[in-house]
Structures are given as C-alpha cells and as structure tokens.
C-alpha cells in the first residue's frame with residue numbers, strides 16, 4: 165500500500181514528542197562536555213607516548229578519542245572531497261590533471277603518508293598534543309578521502325543536461341545551485357561512499373595510533389593502542405573487551421548513522437516512479453518526530469539563507485543567463501592564474517627533482533629486495549582475492565538465492581565489511597606465531613580478513629538481482645549444473661562481483677602494508693613484500709626506500725586498474741548488465 | 003491555394019523584436035581543418051504577441067536554435083540581441099519548459115515553483131503567495147506538497163509550466179513540451195495553454211515552441227518556421243491566418259498540414275510558397291566533402307513494414323495519411339520513408355510515396371529473400387556499407403575495427419551523430435548479413451569468419 169501523497173502532511177500525530185526533545189537536548193549537553201574534555205587534552209603539552217591502561221573502565225574514553233579522530237578526519241574528507249570534486253568538474257582546463265592526481269593518490273597505501281604527514285604536523289604545532297593528533301587525523305583522512313572525491317566529481321558530471329539548463333535559465337546563484345541541485349544529486353553517492361570511507365578510516369586508525377618512526381615512538385590514547393598493547397602483554401580479557409567495543413561501535417554507526425542516512429537519502433533518488441523496496445530506519449522516524457529537530461534547523465537556516473539570496477539576486481552575475489557551453493574556455497586566463505600555475509609548476513618540478521636525487525641513494529641490494537617484494541606482494545594480493553572469490557561465490561549465491569536467509573545475512577555482511585580487520589591483527593599474529601606459520605602465508609590470511617566481506621556482500625546482492633524467470637527458464641530446460649553456472653549465475657553476478665573485487669583489491673593492497681610486517685614485544689615479524697619494505701623503511705627512517713616502494717605499489721595498482729579492472733568494469737556495464 | 007493561410011511575416015520583424023538573432027551560426031571545430039556545421043548563418047526574430055513554432059526533422063538543430071536564443075548556448079558566429087542589447091549582457095526574462103520536465107525530484111511541487119523566485123531574491127511571503135497562485139492557475143491546487151515522482155507525467159509538466167510562468171517571463175520557450183506525454187494529456191495541456199494565452203492570464207508577450215509535431219504547430223502557432231538540415235537552416239517562415247479555435251478537420255487546416263509535409267519530405271526543393279525575402283544563408287565550407295549519405299535512423303523491419311502497408315494501399319499513398327493510419331508522428335515516420343527512398347524501394351512525389359519495382363518485390367518476398375534484396379540495395383546505394391564490406395573482403399583476417407570507419411565519417415558528422423550513423427549502419431549490415439559486429443571488441447567481422455568463433459561464447 166502506498167500512502168496517498170497528501171497523507172504525508174497528515175501524519176503529524178506524535179507519540180512522545182516531549183520525551184524525545186528532552187533526549188535530543190541531553191545529547192547536545194553531552195556533546196558540549198565532550199568538546200571541552202577533548203579540547204583540554206588536545207591543547208595540553210605534547211606527550212608522544214601516552215601510557216595505555218588495560219582496565220575496562222578506561223575503554224569508553226579510548227573509544228571516544230578514536231571516534232573523535234575518525235569524526236574529524238571524516239569531516240575534513242567530506243569538505244576536501246566536495247571542494248576538489250567541484251573544482252575539477254567546473255574547470256575544464258585542469259580537470260584531467262586533477263582526476264589523474266586523484267587516481268594516483270588513491271593508489272598510495274595509507275602508511276606511506278605516515279612519515280611526511282606526522283613529521284609535518286608535529287613540526288607545525290610543536291607545543292601541543294594537537295600536533296601529533298592532527299598527524300594521525302590527517303593519516304586517517306588519506307585513507308578515506310579519495311573515493312568520496314571521485315564520487316562527488318562523477319555525480320556532478322552526470323547531472324542531466326536539462327536540469328543544468330533549468331538552473332541556468334532561472335538564474336540560480338552558485339549557492340542555490342549547490343544546495344538545490346548539486347548536493348541533492350550527489351547525496352546518495354556520498355552516503356554510500358561515506359560508509360566505505362569510514363570503514364577505511366577505522367582500518368587505518370587501528371594501525372596508526374601506535375607507531376615507530378626512526379628513533380621516535382608514538383602511542384596515542386585510543387582503541388588501536390589499547391588492542392595493540394593488550395595483545396603485546398597477552399591480556400586476553402582486555403582484548404575481548406576491546407573487540408566488543410570495536411564491534412559495538414561498528415554496529416552502532418550502522419544503526420545510528422548509516423541506516424538513517426540511507427533511508428533519508430532515498431528522497432534524492434533520481435527516479436521517476438516511487439520504488440517498492442526501500443531501507444527503513446526507526447531512528448530516522450524517531451528523529452523526524454522530534455518537534456525541535458524538524459523545525460529548529462529549518463528556521464535557523466532560512467534566517468541565514470534569505471539575506472544571502474537577496475544579496476545574490478542584486479549582483480550583476482544574477483541578472484544574466486550564463487551559457488553552458490564554452491562558458492569557461494572563452495575568457496583567457498588572468499595573470500594571477502598564470503603566476504599560480506607557474507609557481508605550482510616550479511614547486512612540483514623542484515620537489516620531483518629532489519625526490520629523484522633522493523632515490524639515487526637507494527642501493528642495489530635494496531632495489532633488488534624491493535623488486536622481489538613487489539612480485540611477492542602482487543602474488544599475495546591476488547591470491548587473497550582469488551581465495552576470497554572462490555569461497556564467497558558459492559556461498560554468496562546460495563545465500564542470495566534464498567531470500568529469507570539473504571535478508572538476514574546481507575546487512576550482516578555489510579557490517580562485517582565495516583569491521584576494521586586491523587583490530588584483529590595483533591591477536592591473529594599471536595595465533596600464527598603459536599602455530600609456527602610465518603608471515604608469508606599468514607599475511608594472506610590477514611588480507612583475507614579485510615577483503616572477503618566486500619565480495620561476499622556484492623555476490624549476495626548480485627545473486628538476489630538475477631530475475632526469477634531466468635532461473636525458472638534454466639530449470640525448465642534442465643540446465644546441467646555446469647550450464648547453470650556458466651550461462652546464468654556467473655554472467656548474472658558478474659557486474660556485482662567486479663564491483664566487489666575492485667573494492668577488495670584496493671583494500672588488499674592497503675592491507676598488505678599492515679599485514680606483512682609486525683612489531684611484537686622483543687621481535688619483529690616480517691616477510692618479503694613491498695608492504696613490509698614500507699613499514700621497515702618507516703621504522704628505520706629510510707625515506708628513499710619508502711618513496712621507491714610507494715612508487716612501485718602505486719604503479720602496480722594504477723596499472724592493474726587500467727589494464728584489468730577498468731576493462732572488466734566496462735564489460736560488466738555493457739555486456740552483463742541485466743536491464744531492470 | 004495554401005496562400006489563404008499563409009502570409010509573409012516580413013512587416014513586423016524590423017523594429018520591436020524582443021529577441022533578434024543576427025546571422026547566428028553553430029559549428030564544431032574538428033582537429034583537422036574541417037568543421038562540422040550544425041546551423042548555417044540564420045536571421046530570426048521573436049516579436050510580441052505571437053506564438054512561434056519551430057518545426058523541423060531531427061538533426062536540423064531545433065533545440066540548438068532554442069538554446070542560442072535563450073543565451074544558454076553561445077553562437078559560434080553572429081549575435082543574439084535582447085531588446086537590441088547583446089544577450090550576454092542583458093537582464094533577460096525568459097523561461098523554458100523542458101521535454102523531460104527537468105523538475106528537481108527532491109523538492110516538492112511548491113519548492114520547485116518557488117525556486118526561480120528565490121533566485122531573484124523575492125521575500126518568502128511573496129514567493130509563497132505567487133507560487134500558490136500559479137499552482138492554482140495550472141490546476142494543481144492541493145498538490146503543492148507532493149513530490150514530482152508522485153505525480154503523473156501530465157501533472158509533472160503542469161509543474162513545469164507553473165515554474166516557468168511564475169517568473170512572469172516575457173518570452174516563454176518550450177522544447178517539445180508535450181512529446182513525453184500521451185496523446186490525450188498532450189491535447190488537454192495544449193488547449194489549456196491556448197486558453198491562458200488568449201485570456202491573457204499570463205503576462206507573457208510571446209511564446210516560442212520547438213516541436214516535431216506538425217499538427218501541434220498548426221494548432222497553436224501564429225507563425226511557423228520550418229528548419230531544414232545538413233546543416234540546419236530556415237526553409238520557410240510564414241504566418242498562419244486560420245482563426246482560433248482551429249479545427250483539425252477543416253479544409254485550411256489540413257491543407258496547411260499537407261503543405262508542411264511537402265516541404266519536409268522534399269529537402270532539396272525550395273518551398274513553393276516560401277516568402278522570397280528568405281535566403282537560407284551561405285552554404286557551409288565543408289559541403290563539397292559530404293560524400294557519405296546521412297543514414298536515417300530506421301530499422302529494416304520498419305522499412306519492410308512500411309512497404310507492405312504501402313503495397314496494401316495500391317502502391318501509392320499520401321505520407322500524411324500514412325502517418326495518420328499508423329498513428330505515427332512525423333519524426334517517427336520520416337526516417338523510415340527516407341531510408342526506403344535511399345535504398346531505392348520508394349519514390350517521393352509531391353508528398354506522395356510510391357513504391358518502386360524493387361520495393362514491391364521486397365515487400366512481397368519471404369524473409370531470406372528480403373535480406374538478399376536488402377543486401378543488394380544496400381551495397382548499391384549506401385557508400386558506408388559498401389566500404390565496410392570491401393574492407394572486410396580485402397583483409398586477410400576478415401575483421402576491421404569500428405574506429406577505422408568512425409574516423410572516416412566523423413570528418414563529416416558531429417561525434418554524437420557519427421556514433422548514431424555507425425549504429426544504424428551496424429543495424430542494417432547485420433540484418434542484411436553483410437557483416438557481423440562483435441560488440442565486445444568493437445570490430446566488424448565477416449559472417450563466415452564469425453561462425454567459427456561463435457561456438458566459444460554466446461552468453462546473453
């Protein structure tokens with residue numbers, strides 16, 4: 165039953181508006197307190213190694229610090245992504261460059277950013293704890309920003325032409341266009357990418373709260389440090405409690421943030437008819453019933469916005485219709501722009517030259533090790549992908565063909581995909597050491613932990629999307645099992661499988677850095693691999709090797725994307741797309 | 003006899019035009035010296051008090067013309083004036099009603115209508131009042147808080163009208179406003195639009211409607227401009243003297259429709275009743291290189307269907323009546339007629355289509371023979387298909403990439419049109435079994451060579 169369009173306005177009967185409003189007010193108070201306490205810690209004297217307590221009572225505080233880091237990094241990412249995507253989409257002169265840069269940055273593993281980012285931030289804010297904290301936050305930022313930027317950029321580029329024309333002919337200001345056309349149009353993409361991003365943020369955070377760089381040790385209060393130190397000292401109770409908190413946070417984020425957001429973003433769906441199945445969220449319903457929340461922001465907002473609209477309308481810009489074509493390419497570049505371009509070019513050129521000079525100090529044995537590492541890591545990443553695909557395809561299809569189970573497992577796989585695998589690395593490592601296996605094989609297991617859920621999640625979705633009439637045809641014609649798989653199931657899930665594999669492949673490369681090298685009390689576990697080289701170089705402060713290893717990884721990822729994934733993606737989009 | 007309904011618009015054009023286009027052109031530069039002319043130099047004026055209809059076959063640049071006149075697109079050469087001021091600097095007041103409605107799905111009806119007023123800095127209270135009034139005017143009262151996706155197509159276009167009219171535009175532009183709607187809804191909206199116009203309910207001084215529907219143009223317009231293509235140019239521009247309300251069945255109406263059909267189906271002949279002040283502008287530079295025919299985007303099945311129908315009617319019929327029998331719009335039928343003509347199955351004389359000997363044989367044959375006849379006709383008459391076939395025959399591995407031919411034809415057509423030309427060529431060639439096309443590798447393949455590979459994979 166669909167609601168009559170008019171019924172929407174009638175459903176204003178609220179059950180306990182007052183109670184909810186009190187709740188919301190209480191939340192606001194809590195936020196206030198949290199800001200104050202974080203502030204005092206951040207503005208305090210810098211303490212690189214904060215001692216970590218293993219008592220369970222300390223956990224909420226650690227969890228809170230970690231969440232604050234993720235939150236700030238996420239807000240930074242979102243702001244950056246929107247600015248970057250917007251600039252790229254509307255400046256045809258630099259568009260191709262900006263996208264290429266994004267493509268490369270995306271391929272660099274988070275940990276490669278560690279030394280430059282942390283050193284810079286510590287140097288920038290030497291007298292406060294904030295310096296180290298900002299370093300870690302920026303590190304998490306590098307783990308979650310790129311796909312957001314891509315998503316926003318491609319949304320902007322795919323806005324239907326007639327809608328753009330409407331916004332031009334009715335002389336929307338850039339402000340109005342942003343809030344009424346561009347943001348709403350990109351909202352769904354941003355929400356889904358935010359889920360992936362924040363998961364990536366947790367993944368990086370777990371490993372970044374505690375690290376060594378050259379002779380300097382860093383250890384910040386947070387869940388990552390807690391789990392790491394607990395594993396180091398073999399405190400099983402603390403570990404269990406830590407895991408529980410991590411999973412609790414992931415589930416709570418899913419329920420309190422993502423599901424309401426997905427349900428809310430449904431209204432931005434660019435569709436002509438209302439679709440039947442949609443995500444529902446009790447939290448969103450609750451929030452929408454709060455009298456305070458539904459009316460207050462709107463009123464505040466219009467107080468800010470109305471004068472702006474009036475001012476924009478008076479400007480000369482707003483009086484003429486701006487052409488859509490040749491709009492920017494016609495006016496010639498201003499001298500200021502040229503100066504900036506030349507300056508940027510000089511700086512980049514000088515930097516690149518310095519980097520190349522630095523690379524010359526890499527010795528022949530180091531290079532040989534790096535090349536071997538490249539091969540080993542490449543094989544390991546693909547082995548992890550292959551193993552993931554091998555078990556998730558049959559399992560995922562079995563689940564997907566059974567709607568009852570799927571409805572239950574699907575969200576679970578989504579949550580599992582968000583659980584940061586790095587949180588479990590310390591304990592897994594202990595297990596590996598006990599069994600006596602080295603990291604060579606062990607690191608594959610670690611990569612699997614992080615990557616397989618994406619594939620499972622997508623395969624289930626793919627299997628569910630195969631129309632039942634096609635399945636009926638296959639049983640009607642008595643397809644053999646082989647025929648069923650090659651003619652129906654594999655082609656049917658192909659686009660989903662590729663989507664999952666692309667995400668998983670990016671994750672696996674990133675994970676290789678964490679998985680191939682591990683410092684434990686008294687000894688360092690490592691295997692041959694690029695990831696291990698990056699880690700070891702960071703630890704020993706050998707930056708030329710770090711740079712070269714990063715270039716290798718970046719090269720391999722970009723090449724794989726260009727040669728393999730992009731082609732498969734195109735194939736999936738053209739040939740194996742099941743028209744809805 | 004058509005002269006009853008037609009009169010030259012020359013007298014009113016000169017002075018008080020709201021929008022005046024002077025020698026506007028549109029072309030796209032190619033990397034090579036060539037450039038693709040979309041619209042050749044054209045003069046055009048919109049004066050107060052008239053509904054102008056811009057008619058033309060697809061590919062004649064109707065929409066491009068509209069966008070240049072509204073300032074959304076900059077002419078490659080020439081200038082558009084708004085009250086004698088260059089349009090880029092003028093504070094123009096126009097609206098567009100779009101074919102796809104272009105409503106913002108995340109905003110309610112009211113918010114959609116209010117948005118243009120908000121852009122003009124109008125205070126919330128006044129905004130609300132004006133929008134509500136306009137929503138009432140277009141007959142949507144009660145739906146102001148609904149979202150566009152909850153409305154039917156007709157109602158959505160009403161929102162489009164409300165949004166366009168709420169800013170009280172001097173000129174209301176419409177880009178095929180009714181072609182996404184079903185026949186009855188379109189008819190209904192058209193008559194309501196006329197009513198608003200006649201009663202002066204809207205302060206709009208002029209309406210400019212782009213359409214491919216001839217009857218729609220004759221029904222609504224005070225003045226009709228017919229565009230020709232390759233490149234777009236004005237073929238004729240005349241006034242309609244039939245008083246409103248117009249009756250589709252009346253003699254002057256059908257005569258005028260018939261006249262426009264004749265103009266449209268005979269692209270090479272200058273229109274009989276065209277006012278003599280009209281000069282279609284200089285021919286574009288690259289004309290001499292146009293050796294590929296423009297393939298009409300019709301399917302072989304459609305061609306066969308048309309020929310069979312024509313045969314049933316004794317081999318000759320009025321195109322207008324054919325379209326009527328099929329309940330086709332001119333834009334749907336013309337490509338099929340063009341294609342049949344191109345293949346030598348059909349001849350056009352005076353707006354009548356008559357089947358040729360080949361065409362009759364084609365229509366009477368069974369499917370395999372039809373393919374043979376189509377193949378012969380295609381090789382004889384269509385250069386691109388002939389070239390593809392030759393290339394396949396002469397290469398040792400009997401395959402040629404699509405890009406090879408795309409490169410040749412894109413000297414002559416825009417990028418988008420090149421793709422569509424290629425698509426049509428592939429469609430025809432596959433039907434005629436001239437070649438097969440491997441969509442995954444984007445290559446043409448000789449049919450025999452393909453059969454060997456076919457066993458490997460054929461997943462749908």
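Chains as they are written, first to last, in our numbering: chain A, 165 to 744; chain B, 3 to 462.
Glycine residues also receive a C-beta, built at the ideal position from the N, C-alpha and C atoms.
- Counting C-beta atoms within 10 angstroms of its own C-beta, residue 133 (chain B) has 16 or more neighbours from the protein chains shown and is therefore classed as buried.
- Apart from sequence neighbours up to five positions away, the residues of its chain that approach residue 373 (chain B) with a beta-carbon distance below 8 angstroms are 433, 434 and 435, ordered along the chain.
- Excluding five sequence positions before and after residue 437 (chain B), the CB atoms of its chain that fall closer than 8 angstroms to its own CB belong to 390, 391, 394, 431, 446, 447, 448 and 449, given in chain order.
- Residues of the region 636 to 647 of chain A with a C-beta atom less than 7 angstroms from some C-beta of chain B do not occur.
- Closest in alpha carbon position to residue 421 (chain B), among B:245, B:315, B:313 and B:444, is B:444.
- Of all residues in the region 302 to 331 of chain A, only 324, 326, 327, 329 and 330 place a beta-carbon less than 8 angstroms from a beta-carbon of chain B.
- At a cut-off of 7 angstroms between beta-carbon atoms, residue 348 (chain A) makes contact with chain B.
- Not a single CB atom of chain B sits nearer than 7 angstroms to the CB of residue 418 (chain A).
- Under the three-pair Cβ rule at 8 angstroms, the region 404 to 415 of chain A does not count as touching the region 248 to 260 of chain A.
- Neighbours of residue 377 (chain B) across chain A, judged by C-beta separation under 8 angstroms, do not exist; the nearest C-beta is about 28 angstroms away.
- With a minimum length of 4 residues, the unbroken runs of alpha helix (DSSP H) contained wholly in the region 367 to 420 of chain B fall at 369 to 383, 385 to 396 and 404 to 411.
- Residue 424 (chain B) carries a helical assignment under DSSP once its states are collapsed to helix, strand and coil.
- Only residues of its own chain outside the window of five on either side were considered, and among them 420 and 424 have a CB closer than 7 angstroms to the CB of residue 408 (chain B), listed in chain order.
- Taking residue 221 (chain B) as the centre and dropping the five residues before and after it, the same chain places the C-beta of 248 closer than 6 angstroms to its C-beta, in chain order.
- Taking 7 angstroms as the Cβ-Cβ cut-off, the region 350 to 361 of chain B has no residue approaching chain A.
- Rounded to the nearest whole angstrom, the CA to CA distance from residue 487 (chain A) to residue 74 (chain B) is 4 angstroms.
- For residue 235 (chain B), the enclosing beta strand (DSSP E) begins and ends at 235 to 242.
- Close partners of residue 156 (chain B) in chain A (Cβ separation under 9 angstroms) are lacking, with about 13 angstroms as the shortest Cβ gap.
- Distance between residue 618 (chain A) and residue 670 (chain A), taken at the CA atoms: about 11 angstroms.
- Excluding five sequence positions before and after residue 118 (chain B), the CB atoms of its chain that fall closer than 7 angstroms to its own CB belong to 165, 168 and 169, given in chain order.
- Distances from the CA of residue 406 (chain A) to each of A:634, A:216 and A:654 were compared; the closest alpha carbon is that of A:216.
- Closest in C-alpha terms to residue 141 (chain B), from the list B:157, B:31 and B:147, comes B:157.
- A direct Cα-Cα distance of roughly 5 angstroms separates residue 693 (chain A) from residue 541 (chain A).
- Separation of the CB atoms of residue 78 (chain B) and residue 27 (chain B) is rounded to 5 angstroms, and the pair is thereby assigned contact status at 8 angstroms.
- Here the alpha carbons of residue 396 (chain A) and residue 218 (chain A) stand approximately 12 angstroms from one another.
- Using a Cβ-Cβ cut-off of 7 angstroms, residue 23 (chain B) does not count as an interface residue toward chain A, since no Cβ of chain A sits closer than that to its own.
- The beta carbon of residue 298 (chain B) lies closer than 6 angstroms to those of 337, 340 and 341 in the same chain, with the five residues before and after it left out.
- C-alpha of residue 298 (chain A) to C-alpha of residue 519 (chain A): approximately 25 angstroms in a straight line.
- Not a single CB atom of chain A sits nearer than 7 angstroms to the CB of residue 389 (chain B).
- By DSSP's assignment, residue 331 (chain A) forms no beta bridge with any residue.
- A distance below 7 angstroms separates the beta carbons of residue 363 (chain A) and residue 582 (chain A).
- Counting C-beta atoms within 10 angstroms of its own C-beta, residue 218 (chain B) has 16 or more neighbours from the protein chains shown and is therefore classed as buried.
- Listed in chain order, the alpha helix (DSSP H) runs fully inside the region 179 to 254 of chain B are 185 to 200 and 216 to 222, counting runs of at least 4 residues.
- Between the region 558 to 567 of chain A and the region 670 to 684 of chain A, the count of Cβ pairs shorter than 8 angstroms is below three; the stretches do not touch.
- Beta-bridge partners assigned by DSSP to residue 376 (chain A): A:381.
- Against chain A, a Cβ distance below 7 angstroms from residue 74 (chain B) picks out 329, 332, 333, 485, 487 and 488.
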